[in-house]
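Data first, discussion second: the structure below is written as structure tokens.
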């Protein structure tokens, strides 16, 4: 499992990096503009304002693209949780209709597996903890199919067994879809390019200000603060369960509670009905 540097460091450090890079780019551009003031005379010479306007347009498109891509990945993770919750609930209901041997084992295995699919009630999610949860989930998932085989091989093949096999298969497939959604993130090159375009844009703005001999520190600082904040939100949306904007798994927790209540009730073997 690999993540870019933007995902491995804390969010506050990402924000500091964005601010530092943009502020340095602005100051370097301004100082170069001041030194070139006598040669260029005005920011109109050489298409200065046109270049700055074009670069801000490119930066806006890049921000819109990455922001939309990050939100789409966030929504995909939410849909993956709902799909997995439905698959687990259906498989558990179908397992309740099966006969012993294997019925109780499969129901318990489904509950144990469902518990590994939540992030837990306490503790801050980190990359190391996410890797640990995925390993635990895979260990619990390995018990589902053997339990399903014992049910199918221990009884006559019927519609209940066929539905059970199909529902357990959907549970296994939903694991692949959800893990893929969790690990899917914006390519590091895209995030790096976004930062470079932002730095180049503010440096050109500083250069033009240097040619005029004056620059409003307040306005340019506010611009950089806004740019850094937008980039921070993009990173936060893209950090899956390790940022402030996390996908809630309340539906899955509710399904787990229903499973626990069902297992707490006296077992009724369908074969005796």
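Numbering (the numbering used here), first residue to last: 1077 to 1349.
Cβ coordinates follow ideal geometry from the N, Cα and C atoms, glycine included.
*For the alpha helix (DSSP H) containing residue 1313, list its first residue and its last residue.*
Start and end: 1293-1314.
*Is there contact between the segment 1236-1253 and the segment 1160-1176, where contact requires at least three CB pairs shorter than 8 Å?*
For the pair of segments examined, the segment 1236-1253 was found to touch the segment 1160-1176: the number of CB pairs separated by less than 8 Å reaches three.
*From residue 1223 to residue 1205, what does the alpha carbon distance come to, in whole angstroms?*
If I take the Cα positions, the gap works out to 28 Å.
*Are at least three pairs of beta-carbons, each pair with one atom in the segment 1205-1217 and one in the segment 1139-1146, less than 8 Å apart?*
Verdict: no, contact absent.
*Between the Cα of residue 1262 and the Cα atoms of 1301, 1307, 1292, which residue gives the shortest distance?*
For the residues 1301, 1307, 1292, the minimum Cα distance to residue 1262 belongs to 1307.
*Given a threshold of 16 other Cβ atoms within 10 Å of its Cβ, counted over all protein chains shown, does residue 1082 qualify as buried or as exposed?*
Counting Cβ neighbours within 10 Å, residue 1082 comes out buried, since at least 16 surround it.
*Can you round the beta-carbon distance between residue 1156 and residue 1254 to whole angstroms, since I take them to be within the 8 Å contact cut?*
Contact holds; Cβ gap of about 4 Å.
*Coil, strand or helix - residue 1086 by DSSP*: Of the three classes helix, strand and coil, the one that applies to residue 1086 here is coil, per DSSP.
*Check the C-beta distance from residue 1138 over to residue 1280 and give it rounded, since I have them as a contact under 8 Å.*
Between residue 1280 and residue 1138 the Cβ distance is about 15 Å, and since that is not below 8 Å, they are no contact.
*Thinking just about the alpha-carbon of each residue, which of 1190, 1285, 1275, 1220 is nearest to the one in residue 1110?*
Shortest Cα-Cα distance from residue 1110 to any of 1190, 1285, 1275, 1220 involves 1285.
*In three-state terms, what does DSSP make of residue 1234?*
DSSP, reduced to helix, strand and coil, places residue 1234 outside both helices and strands of the structure shown, so it counts as coil.
_Determine, for residue 1090, whether the minimum Cβ-Cβ distance to residues of chain D falls below 8 Å._
Within the model displayed, chain D is absent; a lone protein chain is all it includes.
_Run of the alpha helix (DSSP H) containing residue 1282, from where it starts to where it stops_ = In the DSSP assignment, residue 1282 falls within the alpha helix (DSSP H) that extends over 1264-1288.
*Would you mind sorting residue 1237 into buried or exposed? The rule is 16 or more other CB atoms within 10 Å of its CB.*
Buried is the call here.
*Note the first and the last residue of the continuous alpha helix (DSSP H) segment covering residue 1226.*
It spans 1220-1229 - the alpha helix (DSSP H) in which residue 1226 sits, taken as one unbroken run.
*Rounded to the nearest angstrom, how far is the Cβ of residue 1179 from that of residue 1171, given a contact under 8 Å?*
Yes, residue 1179 and residue 1171 are in contact; Cβ-Cβ is about 6 Å, under 8 Å.
*Run of the alpha helix (DSSP H) containing residue 1195, from where it starts to where it stops*: Going by DSSP, residue 1195 is part of no alpha helix (DSSP H) at all; its letter is neither H nor E.
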